[in-house]
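> First the structure, then my questions, so here it is.
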């Protein structure tokens, strides 16, 4: 019985420590499905604020549907900022289903962006791995 | 001490296996609160892509507020698609609070749809049970 | 081996009990980033429905970006309702980054509202602590 108590205590305390220490490692998967350029500009401000408040946060931004516009070098109004935040560790991910369905030219996708096959399924898998989900947009 | 190590190892490895095996069973609760018919059409494309990328995924779509329009047979522009995806296992759920507050005729709700009392609380409970959450719309 | 089985059984059953009992304590963090007054009015209806369906639910609403308008006493069209729901336990949180960036007058923030430094990071931390996330808006 003593051993049981010990094991449960150790296990629970390690879980709580992991979950609750204040300097914890945030992992954030954001979904951008909006083509609204105001949303894109606002998102850049949010990256700045997030990285200031939590400099070690892992941030991924999955762009799909009209949201892919933010990653297209021929139309994005925040291309320079995307490159800047990519260099600071924010991971931008283009949805290949969207590229195919919208007949976008893959060569025009900002080269700093990574790719996922199906945007929503990637977001789902991140949540299954314990990442927090934030839907971008107003 | 050996036993403790064994137990922790077994426990952690089973947790990791459950969470990380690539063929894992996705459970996805989507929230549709938009009455925008472009959102409704886009959602149908997303179902197609999701089921292609993850054929065994469990998908629920909770429709509330203006989003209930997608499930009303007198105004939905995707009624045929809703029936098609319902037959493929996507579960559409109508919010009874919305039906009452918007004075919608319950007899006009697409019969393939299920019902929940309070849409948001259902979404919350699914998240508590480990489902991933996706907000539909742009 | 018997002890192992016992420990695993106890542990799993306590986890399942915690997660699945029907009268469970909901903890919900909502994100309001929209300045649309229709969204603000709709949100008030949602609070009413949520508290009816789950009277003991803990609800927080993080207002940032244009969503801060709902907490500004000089422009909110639901200020009276915000105060009413605050008195019923709904916790409204103003984003200090937004106040600074939008040059909002902190003295005009509805006094019932609390404050967070960075709205999105607060939402992320709540999810890490097991709260369910709901994005407000259509």
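Chains as they are written, first to last, in this note's numbering: chain A, 1 to 138; chain B, 1 to 138; chain C, 1 to 138. Glycine included, each C-beta is placed from N, C-alpha and C at the ideal position. The structure presented is a predicted model; accordingly, all values stated were derived computationally and were not measured.
So, at 6 Å on beta carbons, what are the nonlocal neighbours of residue 85/C in its own chain, with the 5 sequence-adjacent residues on each side left out?
Taking the third chain and counting its residues from 1, the one referred to as residue 85/C is at position 85. Excluding positions up to five away in sequence, the list reads 47.
> Cβ closer than 9 Å: which chain A residues qualify as neighbours of residue 101/C?
In the third chain, the residue the question calls residue 101/C occupies position 101. Within chain A, the residues near residue 101/C are 45 and 49.
> Identify every run of the beta strand (DSSP E) within the segment 31 to 67 of chain B, keeping only runs that are complete inside it and at least 3 residues long; order them along the chain.
Complete beta strand (DSSP E) runs here, min 3: 58 to 63.
> In the DSSP output, which residue or residues are listed as bridge partners for residue 110/B?
To locate residue 110/B, count along the second chain from 1; it is residue 110. Bridge partners of residue 110/B: none, in fact.
> Which same chain residues end up closer than 8 Å to residue 132/A when comparing Cβ atoms and leaving out the 5 residues on each side of it in sequence?
Here the question's residue 132/A lines up with position 132 in the first chain. Only 26, 27, 28 and 29 meet the Cβ criterion.
> Does the Cβ-Cβ distance between residue 70/B and residue 104/B come in under 9 Å?
Residue 70/B sits at position 70 when you count from the first residue of the second chain. Residue 104/B sits at position 104 when you count from the first residue of the second chain. Result no, Cβ atoms of residue 70/B and residue 104/B do not sit closer than 9 Å.
> Could you check the C-alpha separation between residue 59/C and residue 90/B for me, to the nearest Å?
Residue 59/C sits at position 59 when you count from the first residue of the third chain. Residue 90/B sits at position 90 when you count from the first residue of the second chain. For residue 59/C and residue 90/B, the distance between alpha carbons rounds to 29 Å.
> Alpha helix (DSSP H) containing residue 83/B: first to last residue?
Residue numbering aside, residue 83/B sits at position 83 when the second chain is read from its first letter. 79 to 87 is the span of the alpha helix (DSSP H), which, as asked, contains residue 83/B.
> Give the residues of chain C in contact with residue 138/A, contact being defined as C-beta atoms less than 8 Å apart.
Counting from 1 along the first chain, the entry for residue 138/A is found at position 138. Ordered by position in chain C, the residues that pass the 8 Å Cβ test against residue 138/A are 33, 34, 35, 36, 65, 66, 67 and 137.
> Per DSSP, what are the beta-bridge partners of residue 92/C in this structure?
Here residue 92/C is taken as the residue at index 92 of the third chain, counted from 1. In the DSSP output, where bridge partners are listed per residue, residue 92/C has 61/C.
> By how many angstroms is the C-alpha of residue 45/C removed from the C-alpha of residue 157/B?
What is shown of chain B runs 1 to 138, which leaves residue 157/B out entirely.
> Can you name the start and end residues of the beta strand (DSSP E) that residue 76/B belongs to?
Within the second chain, residue 76/B is the residue found at index 76, counting from 1. Here residue 76/B belongs to no beta strand (DSSP E), and DSSP marks it neither H nor E.
> Rounded to whole angstroms, what's the CA-CA distance from residue 88/B to residue 34/B? Just pull it up for me.
As a working mapping, residue 88/B is identified with position 88 in the second chain. As a working mapping, residue 34/B is identified with position 34 in the second chain. Distance between the alpha carbons of residue 88/B and residue 34/B is about 23 Å.
> Taking the straight line between their C-alpha atoms, what separation do you get for residue 111/C and residue 43/A?
Looking up residue 111/C in the third chain gives position 111. Looking up residue 43/A in the first chain gives position 43. Cα to Cα, residue 111/C sits roughly 28 Å from residue 43/A.
> Hey, out of 81/C, 50/C, 23/C and 38/C, whose CA is closest to residue 116/B's CA?
As a position in the second chain, residue 116/B is number 116, starting the count at 1. The candidate whose alpha carbon is nearest that of residue 116/B is 50/C.
> With respect to the beta strand (DSSP E) encompassing residue 135/A, which residues constitute its N-terminal and C-terminal limits?
Here residue 135/A corresponds to residue number 135 of the first chain, with the count starting at 1. Residue 135/A -> beta strand (DSSP E) spans 132 to 135.
> For residue 16/B and residue 129/C, what's the separation of their Cα atoms in angstroms?
Looking up residue 16/B in the second chain gives position 16. Looking up residue 129/C in the third chain gives position 129. Since pLDDT at residue 16/B reaches only 48, below the 50 mark, its modelled position is unreliable, and the value read off the structure follows with that caveat. Straight-line Cα distance between these residues: approximately 19 Å.
> Confirm, please, whether the CB-CB distance from residue 113/A to residue 94/A is below 9 Å.
To locate residue 94/A, count along the first chain from 1; it is residue 94. To locate residue 113/A, count along the first chain from 1; it is residue 113. For residue 94/A and residue 113/A, yes; Cβs fall inside 9 Å.
> Helix, strand or coil for residue 27/C? Go by DSSP, reduced to three states.
Taking the third chain and counting its residues from 1, the one referred to as residue 27/C is at position 27. In the structure shown, residue 27/C sits in a strand (DSSP, three-state: E or B).
> In angstroms, rounded to a whole number, what distance separates the CA positions of residue 76/C and residue 137/A?
Numbered from its first residue, the third chain carries residue 76/C at position 76. Numbered from its first residue, the first chain carries residue 137/A at position 137. C-alpha separation (whole angstroms): 20 Å.
> I'd like to know whether the C-beta atoms of residue 53/A and residue 118/C end up nearer to each other than 9 Å.
Taking the first chain and counting its residues from 1, one reaches residue 53/A at position 53. Taking the third chain and counting its residues from 1, one reaches residue 118/C at position 118. Taking 9 Å as the Cβ cut-off, residue 53/A and residue 118/C qualify as a contacting pair.
> Can you tell me the Cβ-Cβ gap for residue 72/A and residue 109/A, rounded? I've got them flagged as a contact below 8 Å.
As a position in the first chain, residue 72/A is number 72, starting the count at 1. As a position in the first chain, residue 109/A is number 109, starting the count at 1. Going by Cβ atoms, the distance from residue 72/A to residue 109/A rounds to 6 Å, so yes, they are a contact pair.
> If I follow the unbroken alpha helix (DSSP H) through residue 126/C, where does it start and stop?
In the third chain, residue 126/C corresponds to position 126, counting from 1. First-last of the alpha helix (DSSP H) with residue 126/C: 119 to 128.
> Quick one: list the residues of chain A neighbouring residue 97/C, beta-carbon separation under 7 Å, in chain order.
What you label residue 97/C is simply residue 97 of the third chain in a count that begins at 1. Chain A residues near residue 97/C: 49.
> On a CA-only basis, which of 57/A, 32/A and 134/A is nearest residue 127/C? Give me that one, please.
Position 127 of the third chain holds residue 127/C. Out of 57/A, 32/A and 134/A, 134/A has the C-alpha closest to the C-alpha of residue 127/C.
> Taking Cβ positions only, does residue 91/A come closer than 9 Å to chain C?
The count along the first chain starts at 1 and reaches residue 91/A at position 91. No, because no Cβ of chain C sits closer than 9 Å to the Cβ of residue 91/A.
> Keeping to the same chain, check which residues put their C-beta closer than 6 Å to that of residue 81/A; ignore five residues upstream and five downstream.
For the purposes of this step, residue 81/A is taken as the residue at position 81 of the first chain. 44, listed in sequence order.
> State buried or exposed for residue 98/B, treating a residue as buried only when at least 16 other CB atoms are found within 10 Å of its CB.
Working through the second chain from its first residue, we reach residue 98/B at position 98. Result: buried.
> Pull up the CB-CB distance for residue 124/C and residue 92/C, whole angstroms please, since I reckon it's below 8 Å.
Taking the first residue of the third chain as position 1, residue 124/C is located at position 124. Taking the first residue of the third chain as position 1, residue 92/C is located at position 92. That belief does not hold up - the Cβ atoms of residue 124/C and residue 92/C are roughly 18 Å apart, past 8 Å.
> Among residues of its own chain, excluding the 5 on either side of residue 65/C, which ones have a beta-carbon nearer than 7 Å to its beta-carbon?
Looking up residue 65/C in the third chain gives position 65. Taken in chain order, the residues that qualify are 33 and 98.
> Excluding five sequence neighbours on each side, which residues of the same chain lie with their C-beta closer than 6 Å to the C-beta of residue 74/C?
Counting from 1 along the third chain, the entry for residue 74/C is found at position 74. Contacts found: 108.
> Strictly below 7 Å CB to CB, what residues from chain C border residue 40/A?
Translated into the one-based positions of the first chain, residue 40/A becomes position 40. Here the premise fails: no neighbours, minimum Cβ distance about 13 Å.
> Between the beta-carbon of residue 31/C and the beta-carbon of residue 121/C, is there less than 9 Å?
Within the third chain, residue 31/C is the residue found at index 31, counting from 1. Within the third chain, residue 121/C is the residue found at index 121, counting from 1. No, they are not a contact pair.
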